[in-house]
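Novice: This is the structure, below, for whatever I ask next.
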């Protein structure tokens, strides 16, 4: 069942991973159901906002009962596509590439890392996070031989556009971009631009304005 | 002038770093003013939302003129506290600690890295990102001798609570937490919990639901 849900606002989409994480924690604690009030306190949004969010995907709650945690966790996982087992590659075997390759949560969420690519020939044949490092010149062949869904760009912004365009031409479906330079590419490819310093600036705001609680 | 702005919603606060980045880019391109329409397209929110956001801080726009980019950039930087020159330390000299220490944008935004701490004694005396690595046992003395505003926690979740509690007892003002484990600490300390896999899950959603554009 692949209903198109074109009109879900991005702010709602961005809350889904948090719902998923919190529900997963509750499951781990042996909880079976949660009231929208409890969930709303955890999420820091109103109970009515939670009902609105979940109504985009057909509801899931029951009046007077709340939410069945296991069911909701499973459904949100499906909506997020975590059952698909998307395959990933990492471009860039530097410190950030290493840190991301070793990030245990990605595997836990169902993502499968297939390889790491770097322009430094000396790194070819080494392993990072349990997968092999290939020279960038092997990218074309690798992507023809393997179905790669998502490329994680752990490289600086210099030359990022060329790498992104190449990946798009080779059929990549999504780019997770850590180059700190927003990518403007083919609109059929999903791009998540990560700006780590935004978090540090938010923290700076909260210290400056004495708003320690979000 | 340090007005308290207790009631700014977190969603608005989280947009401020993006306004700041975009305005900085426009300045770099030699632009001097921007209409709320243009800024809203760039931000992906409505023009009325932008006016609402900025009204929390006193406005800044002029009917029929739009926004003076340099002025707005400067003002938002002040609101974010970037002129304060907050000092930081990084806990954890692993791959992520290295990547963060070398992240050029932090310095560009006015943050000053003073030192990196690790529990591995072998690393003591080496340098990361231009600053010295200290053993964790030196943390108390270092924080008594230096004014440290923000600690960046680039360590796994095991033992994170003890490290966070120690930093709080030593007077830290903010924690930027990459341990993928939400911290529950003294409410007078600001905490930003980073969950990198949320971005990957959002990307997975957009691929799964064919919503490539945010």
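Residue numbers (this note's numbering), protein chains in the order written: chain A, 1 to 214; chain B, 215 to 428. Even glycine gets a Cβ: it sits at the ideal position worked out from N, Cα and C. Since we're looking at a predicted model, the values are computed, not measured.
Looking at the secondary structure, which residues open and close the beta strand (DSSP E) in which residue 133 of chain A lies?
Specialist: Here the beta strand (DSSP E) through residue 133 of chain A covers 131–135.
Novice: In three-state terms, what does DSSP make of residue 112 of chain A?
Specialist: Correct three-state label for residue 112 of chain A: strand.
Novice: What does DSSP give as the partner residue(s) for residue 276 of chain B in the beta ladder?
Specialist: DSSP output for residue 276 of chain B lists B:280 as bridge partner(s).
Novice: Look at the Cβ atom of residue 134 of chain A, then the Cβ atom of residue 80 of chain A, and state whether they are nearer than 8 angstroms.
Specialist: Not closer than 8 angstroms, so no.
Novice: Am I right that residue 109 of chain A and residue 411 of chain B are in contact with their C-beta atoms under 8 angstroms? What's the rounded C-beta distance?
Specialist: Going by Cβ atoms, the distance from residue 109 of chain A to residue 411 of chain B rounds to 6 angstroms, so yes, they are a contact pair.
Novice: Please list, in chain order, all residues of the same chain as residue 35 of chain A whose beta carbon is under 6 angstroms from its beta carbon, the five residues on each side excluded.
Specialist: Only 66 meet the Cβ criterion.
Novice: Go ahead and pull the three-state DSSP assignment for residue 408 of chain B.
Specialist: Residue 408 of chain B falls in the coil class under three-state DSSP.
Novice: Smallest Cα separation from residue 149 of chain A: which of A:37, A:60, A:159 and A:115?
Specialist: With distances taken between Cα atoms, residue 149 of chain A lies closest to A:115.
Novice: Could you give the C-beta distance for residue 311 of chain B and residue 345 of chain B, rounded to a whole number, given that I count them as a contact under 8 angstroms?
Specialist: Actually they are not in contact, since the Cβ atoms of residue 311 of chain B and residue 345 of chain B sit about 11 angstroms apart, beyond 8 angstroms.
Novice: CA-CA distance, residue 399 of chain B and residue 209 of chain A?
Specialist: C-alpha separation (whole angstroms): 19 angstroms.
Novice: Look up residue 365 of chain B in the DSSP assignment and give the residues it is bridged to.
Specialist: Answer is B:303 and B:389, bridged to residue 365 of chain B.
Novice: Cα-Cα, which of B:378, B:315 and B:241 is closest to residue 407 of chain B?
Specialist: Closest option to residue 407 of chain B, Cα to Cα, is B:378.
Novice: Using a C-beta cutoff of 8 angstroms, does residue 204 of chain A count as contacting chain B?
Specialist: Cβ-Cβ to chain B under 8 angstroms: yes for residue 204 of chain A.
Novice: Rounded to whole angstroms, what's the CA-CA distance from residue 73 of chain A to residue 87 of chain A? Just pull it up for me.
Specialist: Going by the C-alpha atoms only, they are around 22 angstroms apart.
Novice: Hey, is residue 192 of chain A's beta-carbon within less than 8 angstroms of any beta-carbon in chain B?
Specialist: Chain B, which has a Cβ nearer than 8 angstroms to the Cβ of residue 192 of chain A, makes this yes.
Novice: Helix, strand or coil for residue 118 of chain A per DSSP?
Specialist: Residue 118 of chain A falls in the strand class under three-state DSSP.
Novice: Going by DSSP, which residues form a beta bridge with residue 127 of chain A?
Specialist: Answer is A:132.
Novice: Could you confirm whether any beta carbon from chain A is found closer than 8 angstroms to the beta carbon of residue 375 of chain B?
Specialist: Cβ-Cβ to chain A under 8 angstroms: no for residue 375 of chain B.
Novice: Does the stretch 391–405 of chain B touch the stretch 135–148 of chain A, meaning 3 or more C-beta pairs lie closer than 8 angstroms?
Specialist: Short answer: they don't touch.
Novice: Between which residues of its own chain and residue 247 of chain B is the CB-CB distance below 7 angstroms, once the five residues before and five after are set aside?
Specialist: 279, 280, 281, 282 and 283.
Novice: So residue 260 of chain B contacts chain A; which residues on that side make the cut at Cβ distance below 9 angstroms?
Specialist: Simply none; closest approach about 12 angstroms.
Novice: Hey, quick one: how far does the alpha helix (DSSP H) through residue 142 of chain A stretch, first residue to last?
Specialist: Note, residue 142 of chain A: alpha helix (DSSP H), 139–145.
Novice: Name the chain C residues that come within less than 7 angstroms of residue 96 of chain A, Cβ to Cβ?
Specialist: In summary, chain C is missing from the structure at hand, where the protein chains are A and B.
Novice: With DSSP as the reference, identify every bridge partner of residue 259 of chain B, one or two as the case may be.
Specialist: Per DSSP, none; premise fails for residue 259 of chain B.
Novice: Helix, strand or coil for residue 189 of chain A, going by three-state DSSP, please let me know.
Specialist: If DSSP states are grouped into helix, strand and coil, residue 189 of chain A belongs with coil.
Novice: Apply the 10 Å Cβ neighbour rule to residue 11 of chain A and answer buried if 16 or more other Cβ atoms are within range, or exposed otherwise.
Specialist: With fewer than 16 Cβ atoms within 10 Å of its Cβ, residue 11 of chain A is classed as exposed.
Novice: Which two residues bound the contiguous alpha helix (DSSP H) that contains residue 312 of chain B?
Specialist: Taken as a continuous stretch (DSSP letters only), the alpha helix (DSSP H) holding residue 312 of chain B covers 309–315.
Novice: Name the chain B residues that come within less than 7 angstroms of residue 112 of chain A, Cβ to Cβ?
Specialist: The contacting residues do not exist; residue 112 of chain A stays about 12 angstroms from chain B at best.
Novice: Is it buried or exposed for residue 260 of chain B, if we count other Cβ within 10 angstroms and need 16 for buried?
Specialist: Exposed, because fewer than 16 other Cβ atoms sit within 10 Å of the Cβ of residue 260 of chain B.
Novice: Among A:17, A:169, A:48 and A:181, which residue has its Cα nearest to the Cα of residue 158 of chain A?
Specialist: Considering only alpha carbons, the answer is A:181.
Novice: My output table needs one value for residue 12 of chain A: the three-state DSSP class, helix, strand or coil.
Specialist: Helix at residue 12 of chain A.
Novice: Can you check DSSP and say which residues form a bridge with residue 247 of chain B?
Specialist: Partner(s): B:282.
Novice: If you drop the 5 nearest sequence neighbours on each side, which residues of the same chain put their C-beta closer than 7 angstroms to that of residue 111 of chain A?
Specialist: The answer, listed in chain order, is 86 and 88.
Novice: Determine the closest residue to residue 253 of chain B out of B:331, B:237 and B:271, with distance taken between C-alpha atoms.
Specialist: Answer by Cα proximity: B:237.
Novice: Using a threshold of 8 angstroms, state whether the C-beta atoms of residue 366 of chain B and residue 314 of chain B are closer than that.
Specialist: Result yes, Cβ atoms of residue 366 of chain B and residue 314 of chain B sit closer than 8 angstroms.
Novice: Answer yes or no: does any C-beta atom of chain A fall closer than 8 angstroms to that of residue 350 of chain B?
Specialist: Not one chain A Cβ lies under 8 angstroms of residue 350 of chain B.
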